[in-house]
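Colleague: Numbers in our numbering are just positions in the sequence shown, counted from 1, shifted up by 1. C-beta atoms are modelled at their ideal positions from N, C-alpha and C, and glycine is treated no differently.
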Amino acid sequence: MSSGYSQTPLAKKLGIKAGFSVFTVNEPAHFRDLLTDLPERVNWNNPESQPDLVHLFIRSAAEVKPLLTSASGQIKRNGTIWVSWPKKTSGIVSDMSENLVRDTALAMGLVDVKVCAVDETWSGLKIVWRTENR
Numbered sequence: 002m003s004s005g006y007s008q009t010p011l012a013k014k015l016g017i018k019a020g021f022s023v024f025t026v027n028e029p030a031h032f033r034d035l036l037t038d039l040p041e042r043v044n045w046n047n048p049e050s051q052p053d054l055v056h057l058f059i060r061s062a063a064e065v066k067p068l069l070t071s072a073s074g075q076i077k078r079n080g081t082i083w084v085s086w087p088k089k090t091s092g093i094v095s096d097m098s099e100n101l102v103r104d105t106a107l108a109m110g111l112v113d114v115k116v117c118a119v120d121e122t123w124s125g126l127k128i129v130w131r132t133e134n135r
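1. Rounded to a whole number of angstroms, what is the C-alpha to C-alpha distance between A63 and S85?
2. Rounded to whole angstroms, what's the CA-CA distance from G110 to R131? Just pull it up for me.
3. Give every residue of the same chain whose Cβ lies closer than 7 Å to the Cβ of L39, excluding the five residues on either side of it in the sequence, and list them in chain order.
4. Are the CB atoms of V26 and L57 within a distance shorter than 8 Å?
5. Do the CB positions of R135 and N79 come within less than 8 Å of each other?
6. Would you mind stating whether V112 and V129 have Cβ atoms separated by less than 8 Å?
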């Protein structure tokens, strides 16, 4: 099943690969239902493994810096952080924006490299360490 406006399956859009360790924070109840194309052996929220990918679902601007700081300290240096926030059209009250996430990441030595629609409610921004910071 694909999500949002693209025909690309969500797990592929997010870059989830077989054997990945994935952590989620504030994951919506339906999130894993969107991942019908999930590769084999994905390890979810295992505190004993360093994540390849962390996906943060954030509704409040006040949460961006602390959650991004925590995630950036957890991921592998070549890992990925996805930050998702409610779309303006979602009906969810939020003070989040793509620019807020991007500006916070850039100030931390991270860089945004991709944007996607997770579903009709959530937008996402892919963030990685700058090459020189890996």
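Modeller: A quick look at the data gives this:
1. 14 Å
2. 6 Å
3. A12, I17
4. yes
5. yes
6. yes
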